[in-house]
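Asks: If you scroll down you'll find the structure; I have some questions about it.
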Amino acid sequence: MRVVIATSNPGKVTEIREALAGLGWELLALNDPSLPAVTLPEETGTTYEENAALKACATALVMGLPALADDSGLEVSALNGEPGVFSARFGNLDTANGRNLHLLEQLRGKADRRAKFVSVLLLAYPDGYLESYRGEVEGQILEGPRGQDGFGYDPLFLLPDGRSMAELSVPEKRAVSHRGKALEALRAAHSAGAPKREVTRLE
Ligand SMILES: O=c1[nH]cnc2c1ncn2[C@@H]1O[C@H](COP(=O)(O)OP(=O)(O)O)[C@@H](O)[C@H]1O
Ligand SMILES: [Mg+2]
1252 MRVVIATSNP GKVTEIREAL AGLGWELLAL NDPSLPAVTL PEETGTTYEE
1302 NAALKACATA LVMGLPALAD DSGLEVSALN GEPGVFSARF GNLDTANGRN
1352 LHLLEQLRGK ADRRAKFVSV LLLAYPDGYL ESYRGEVEGQ ILEGPRGQDG
1402 FGYDPLFLLP DGRSMAELSV PEKRAVSHRG KALEALRAAH SAGAPKREVT
1452 RLE
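Number 1454 marks the last residue of the sequence shown (our numbering); no jumps.
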């Protein structure tokens, strides 16, 4: 099956490719020269599912191919679950570094550092059929960044084993992360023996 990865986030592309390598799918980047150009829609939904569906459906319709999108976020207990679905725009800041500094500022002096990452993967077929998979991981927000790998809020996210998410290799992150869990559910649903679906294109 040829599947378009409906994200312009290079960190997500790397993680999706690594986790799904064994499926035998041809995973195409959004900007693959063989594909028509698509602009991902604005994330106007109020849930990860809605936003992931917006991105996946828009891509599947333009491409005429199944498209896989991820919408994810960081939910911080002391901030009543914020930034959540607004994680990419936290503090209205447009760099990961800026958002991380803003998060540290918001939590300054707060004892409760609990947080969780959530990822929702949406696989949209061009005939309108949808599959969704969710994964979560709990942790704590560090007092300062640690680690060089990963992306986004990873350097501030402390796992129960004492490492930050940015101290993990791609396969190590897959084994514990929100996105890794959602990808594992998708992989299991599509591995050998699982029922196959005919992919048709709506004209
Ligand atoms: O695995 C992760 N680690 C760290 N930060 C993440 C992870 N997944 C998502 N984020 C952050 O949460 C926000 C989620 O954004 P969203 O999923 O809407 O779009 P994006 O594809 O444009 O990054 C981004 O700021 C992203 O950096
Ligand atoms: Mg989003």
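In this text, a Cβ means the ideal position worked out from N, Cα and C, and glycines have one as well.
Can you name the start and end residues of the beta strand (DSSP E) that Gln1391 belongs to?
Replies: Its beta strand (DSSP E) spans residues Leu1381 to Ile1392.
Asks: To the nearest whole angstrom, what separates the beta carbons of Ala1419 and Gly1401, a pair I think is in contact under 8 Å?
Replies: One detail in the question is off: residue 1419 reads as Leu in this sequence, not Ala. With a Cβ gap of about 7 Å, Leu1419 and Gly1401 count as contacting.
Asks: Taking 8 Å as the cut-off, is the CB of Gly1324 close to at least one heavy atom of ligand 2?
Replies: Checking the Cβ of Gly1324 against ligand 2 gives yes.
Asks: Using the rule of at least 16 other Cβ atoms within 10 Å of the residue's Cβ for burial, across every protein chain shown, is Arg1430 buried or exposed?
Replies: Arg1430 is buried by the Cβ-count criterion.
Asks: As a quick exercise: from Val1289, Ala1347 and Leu1312, pick the residue whose alpha carbon is nearest that of Asp1378.
Replies: Of Val1289, Ala1347 and Leu1312, the residue nearest in Cα terms is Leu1312.
Asks: Can you determine whether any heavy atom of ligand 1 sits closer than 8 Å to the C-beta of Asp1463, and answer yes or no?
Replies: One cannot answer for residue 1463 here, as it falls past the ends of the chain, which runs 1252 to 1454.
Asks: Nearest to Ala1366 by alpha carbon, out of Ser1285, Phe1408 and Ser1415?
Replies: Per the Cα distances, Phe1408.
Asks: Looking only at its chain, what residues have a beta carbon closer than 7 Å to the beta carbon of Tyr1299, apart from the 5 residues adjacent to it on each side?
Replies: Asp1322, Ser1323, Gly1324, Val1336, Val1369 and Val1371, listed in sequence order.
Asks: Assuming Glu1435 is part of the alpha helix (DSSP H), what are its boundary residues?
Replies: That run of the alpha helix (DSSP H) goes His1429 to His1441.
Asks: Can we count Met1252 as close to ligand 3, meaning its CB is less than 8 Å from some heavy atom?
Replies: Inclusion of ligand 3 in the displayed structure is not the case, the ligand content consisting of ligand 1 and ligand 2 alone.
Asks: Residues in the same chain with beta-carbon distance under 8 Å from Leu1358, minus the five sequence neighbours each way, listed in chain order, please.
Replies: Cβ neighbours of Leu1358 beyond the five flanking positions: Val1327, Ala1329, Leu1330, Arg1364 and Ile1392.
Asks: Please determine if the stretch 1342–1351 and the stretch 1286–1297 are in contact, where contact requires at least 3 C-beta pairs separated by less than 8 Å.
Replies: Result no; under three Cβ-Cβ pairs closer than 8 Å.
Asks: Express the C-alpha separation of Pro1406 and Pro1396 in angstroms, rounding to a whole number.
Replies: Cα-Cα distance, rounded: 5 Å.
Asks: So does Asn1343 have its beta carbon nearer than 8 Å to some heavy atom of ligand 1?
Replies: The answer is no for Asn1343.
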